[in-house]
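Heads up: the sequence shown runs through residues 563 to 832, numbered per the working numbering.
No residue lacks a Cβ here, since even glycine has one placed at the ideal position from N, Cα and C.
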Amino acid sequence: MNTIETELINSRTINGEPFSEVLHKSLIAHRIITNPRVIKCGTYYSKERGHFRFRIQCNNQKECPVCRTRVADKRKRQLLKEQMDCLKENGFVYMVTGTLRHRKQDSLKLLQSKLRDSVKRLKNDRGWRKLRQRDMVFHKTVYETVYGEKNGYHPHVMFLFGTKDQNLNKTEIKETLNPYWRTYTGANLDVLKIDSIVTTYPYKDWDYNLRSIFKKMNDEMKERFEKPTLEIMLLCYDHLPDSSSLPLSKSTVIKVLKEMNQNQSYYLGR
Ligand SMILES: [Zn+2]
Numbered sequence: 563m564n565t566i567e568t569e570l571i572n573s574r575t576i577n578g579e580p581f582s583e584v585l586h587k588s589l590i591a592h593r594i595i596t597n598p599r600v601i602k603c604g605t606y607y608s609k610e611r612g613h614f615r616f617r618i619q620c621n622n623q624k625e626c627p628v629c630r631t632r633v634a635d636k637r638k639r640q641l642l643k644e645q646m647d648c649l650k651e652n653g654f655v656y657m658v659t660g661t662l663r664h665r666k667q668d669s670l671k672l673l674q675s676k677l678r679d680s681v682k683r684l685k686n687d688r689g690w691r692k693l694r695q696r697d698m699v700f701h702k703t704v705y706e707t708v709y710g711e712k713n714g715y716h717p718h719v720m721f722l723f724g725t726k727d728q729n730l731n732k733t734e735i736k737e738t739l740n741p742y743w744r745t746y747t748g749a750n751l752d753v754l755k756i757d758s759i760v761t762t763y764p765y766k767d768w769d770y771n772l773r774s775i776f777k778k779m780n781d782e783m784k785e786r787f788e789k790p791t792l793e794i795m796l797l798c799y800d801h802l803p804d805s806s807s808l809p810l811s812k813s814t815v816i817k818v819l820k821e822m823n824q825n826q827s828y829y830l831g832r
């Protein structure tokens with residue numbers, strides 16, 4: 563890792579500008595953001611108004627890195643609090659991850675719609691309703707997409723929930739939900755108990771990813787990338803003199819980010 567990369571990784575600013583604003587510019591420059599309101603975000607309503615320098619906020623957390631960053635810390639604290647409260651009262655936190663079977667040539671649009679439908683059906687099923695009755699104190703549903711050159715798009719969903727039911731365990735959760743999920747998707751659910759590590763997993767920010775991409779440049783990280791990591795790569799191409807060691811080409815990064823931006827089925831915090 564060279565020093566410029568280290569600097570980029572360790573700071574939340576690039577050339578003195580907030581990270582999220584630099585990213586906003588790059589995403590616009592490469593026509594990844596095309597929504598006019600998101601493009602205008604951060605500009606001033608009127609230059610003539612002198613010290614009344616109100617800036618436009620698009621509030622589109624799905625597409626806009628500036629607006630997403632503004633609320634991310636608050637969302638993260640909320641999520642941590644829910645988990646900590648649950649654990650403090652002798653509850654348990656679980657994360658269930660659902661994937662799809664897919665082929666390399668499947669479009670992200672097709673996969674996202676299949677995933678959305680499967681989640682909708684799962685949540686209308688008896689299994690999910692039974693689980694909700696097991697003293698569930700909070701739950702969050704978060705969608706994430708990773709891209710790899712070997713297998714294409716891999717969208718998946720994570721259900722994070724807290725329960726105070728002492729008798730519930732990983733096996734029972736899996737047995738309750740998996741038959742439904744397998745019917746819809748052909749894939750199996752993965753159940754993880756998060757009892758000691760309180761997670762902000764769905765709210766990973768770029769800072770975290772920036773570090774992780776270069777630190778964990780191994781195996782899976784070399785092959786599959788989530789959106790924040792791809793955004794970092796784009797910034798590296800735009801701002802680092804030598805980004806030739808990055809695992810995806812610039813044109814691939816741009817193409818994938820465009821497709822991800824057009825086919826997001828979530829925004830963080832839903
Ligand atoms: Zn915005």
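Determine, using beta carbons only, whether residue i and residue j come nearer to each other than 9 Å.
i	j	result
Leu819	Leu797	no
Val658	Leu730	no
Gly689	Tyr746	no
Leu677	Tyr705	yes
Arg599	Asn622	yes
Asn597	Cys620	yes
Asn825	Gln674	yes
Phe654	Lys726	yes
Gln645	Ile756	yes
Is residue i close to chain B? Criterion is C-beta to C-beta, closer than 9 Å.
i	result
Asp635	Chain labels in this structure do not include chain B; a single protein chain is all it has.
Quick one: grab the DSSP three-state call for residue i.
i	result
Phe616	coil
Ser813	helix
Glu821	helix
Leu649	helix
Gly689	helix
Asp752	strand
Thr661	coil
Thr596	coil
Lys702	strand
Phe581	helix
Thr605	coil
Glu788	strand
Leu808	coil
Leu722	strand
Thr575	strand
Going along the chain, which residues of its own chain have a beta-carbon closer than 8 Å to the beta-carbon of residue i, five neighbours each way excluded?
i	result
Ile576	Leu570, Val584, Leu797, His801
Asp668	Gly714, Tyr715
Asn780	Here Asn780 scores only 40 on pLDDT, less than 50, and its place in the model should not be relied on; the value that follows carries that caveat. For Asn780, where only same-chain residues beyond five positions count, there are no Cβ hits under 8 Å.
Work out the CA separation of residue j and residue i for me, nearest whole Å.
i	j	result
Lys692	Arg683	14 Å
Ile735	Pro717	22 Å
Asp752	Phe721	10 Å
Asp635	Cys629	11 Å
Val719	Met698	19 Å
Asn661	Lys602	Reading off the sequence shown, one finds Thr at residue 661, where the question assumed Asn. Straight-line Cα distance between these residues: approximately 36 Å.
Ala591	Lys666	28 Å
Gln695	Thr707	30 Å
Arg786	Leu649	32 Å
Val633	Gly604	15 Å
Lys812	Tyr799	7 Å
Asn875	Glu821	Here the chain covers residues 563 to 832 and nothing more, so residue 875 does not appear.
Asp647	His664	38 Å
Ile618	Asn740	45 Å
Glu888	Thr814	Because the chain here runs from 563 to 832, residue 888 falls outside it and cannot be looked at.
Leu589	Lys789	12 Å
Pro809	Gly578	27 Å
Arg744	Gln728	27 Å
Got a sec? Which residues, its chain only, sit under 6 Å from residue i by beta carbon, not counting five neighbours each side?
i	result
Lys702	Leu722
Tyr709	Tyr715, Phe787, Val818
Gly748	Arg663
Pro627	Ser582, Leu585, His586
Ser680	Tyr746, Thr747
Gly724	Cys648, Gly653, Val655, Val699, Phe700
Ile816	His592
Lys732	Val753, Lys755
Spatial neighbours of residue i within its chain, please: CB distance less than 7 Å, with the 5 preceding and 5 following residues excluded, ordered by chain position.
i	result
Thr738	Gly689, Lys692, Leu693
Glu625	Ile595, Asn597, Val600, Asn823
Does ligand 2 have even one heavy atom less than 8 Å from the beta-carbon of residue i?
i	result
Cys626	No copy of ligand 2 occurs in the structure displayed; its ligands are ligand 1 alone.
For ligand 1, residues whose Cβ lies under 7 Å from any non-hydrogen atom: Chain order is used for the residues whose beta-carbon lies nearer than 7 Å to a heavy atom of ligand 1, namely Val600, Cys603, Gly604, Gln619, Cys620, Asn621, Asn622, Cys626, Val628, Cys629.
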